[in-house]
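Colleague: Residue numbers (our numbering): 147 to 398. No residue lacks a Cβ here, since even glycine has one placed at the ideal position from N, Cα and C. Pasting a structure below so you can have a look.
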């Protein structure tokens, strides 16, 4: 059953008995139910967990202002603060961005972090927008074409996520894709684990390896990066048992 958390605008579902020790944050345009199998298995192991619907997704209304993972961390921090003690924080994709910021900025609320399929580092090789779209934006900036014409161009040239989003959630996406988290990775003081699908084409394994190298104390022989053969981007759904195994390790 969904419950409200924080200031009453963030919804989430608790599974298991006893105090919540694991908090799960979903990916972009997803919802907490992505972790249903993970929560069920954690409950069978005697661990209570909370899967949130991040603002703007699932049952949670969007934030009142646009911002990326750093804004979302300030919205989720009161939820963590309301729990009995530091939690194992699990973040998939966009939720992993938020988890990384939370662990860096609020280490007293986090016991350890499990990250999966998270675009943690800006990709300098990303291509620029098509020149036709850049021209249309320039014309709109000068007031020479209408907002409606620009919106048509956004839908034609924007990413799938961008085309699917609207209003403030679209603004959140624009801010988020421009963020990188090298600074936060370098300030982590809690244990961090990376769980990646070998076949993840959305965020390749290379990202996890590079990000791990930025975490204090990382070295080539550590075992913080776990790669799952035959698994793609949606690790919480495709490999729930592997995620549970790592969460239990991170809770020790």
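Using a Cβ-Cβ cutoff of less than 7 Å, which residues in the same chain neighbour residue 354 once the five nearest sequence positions on both sides are dropped?
Modeller: 340, 342 and 371
Colleague: Looking only at its own chain, which residues have a Cβ that is under 6 Å from the Cβ of residue 262, when we skip the five neighbours before and after it?
Modeller: Hits under 6 Å: 238, 341 and 381.
Colleague: Out of curiosity, what's the CA-to-CA distance linking residue 273 and residue 281?
Modeller: Because the pLDDT at residue 273 is just 44, under 50, the model does not fix this residue reliably, and the point stays unresolved.
Colleague: With a threshold of 7 Å on Cβ separation, who are the neighbours of residue 184 within its own chain once the five nearest residues in sequence on each side are excluded?
Modeller: 170, 382, 386, 389 and 390
Colleague: Given this structure, state the Cα-to-Cα distance separating residue 359 from residue 195, to the nearest angstrom.
Modeller: 29 Å
Colleague: Is residue 272 helix, strand or coil by DSSP?
Modeller: Residue placement at residue 272 is flagged as unreliable, the pLDDT there being 40, under the threshold of 50; a coordinate-derived value is accordingly withheld.
Colleague: Assign residue 149 to buried or exposed, taking buried as 16 or more other Cβ atoms, counted over all protein chains shown, within 10 Å of its Cβ.
Modeller: exposed
Colleague: Starting from residue 170, trace the beta strand (DSSP E) both ways and give me its first and last residue.
Modeller: 166-171
Colleague: Going by beta-carbon coordinates alone, are residue 214 and residue 325 separated by less than 7 Å?
Modeller: Less than 7 Å separates the beta-carbon of residue 214 from that of residue 325.
Colleague: Could you tell me which of 191, 314 and 250 sits nearest to residue 164, measuring between CA atoms?
Modeller: 191
Colleague: Using 10 angstroms around the beta-carbon of residue 219, count the other beta-carbons present and answer buried if the total reaches 16, otherwise exposed.
Modeller: buried
Colleague: Using the Cα positions of residue 200 and residue 320, report the straight-line distance between them to the nearest angstrom.
Modeller: If you draw a straight line from the Cα of residue 200 to the Cα of residue 320, it is about 17 Å long.
Colleague: Compute the beta-carbon to beta-carbon distance between residue 198 and residue 234, rounded to the nearest angstrom, for a pair I have assumed lies under 8 Å.
Modeller: In this structure residue 198 does not touch residue 234 by the C-beta definition: roughly 14 Å separates them, more than the 8 Å allowed.
Colleague: Buried or exposed: which applies to residue 322, given that a residue is buried once 16 or more other Cβ atoms fall within 10 Å of its Cβ?
Modeller: buried
Colleague: Pull up the DSSP beta-bridge partners for residue 149, would you.
Modeller: Answer is 158.
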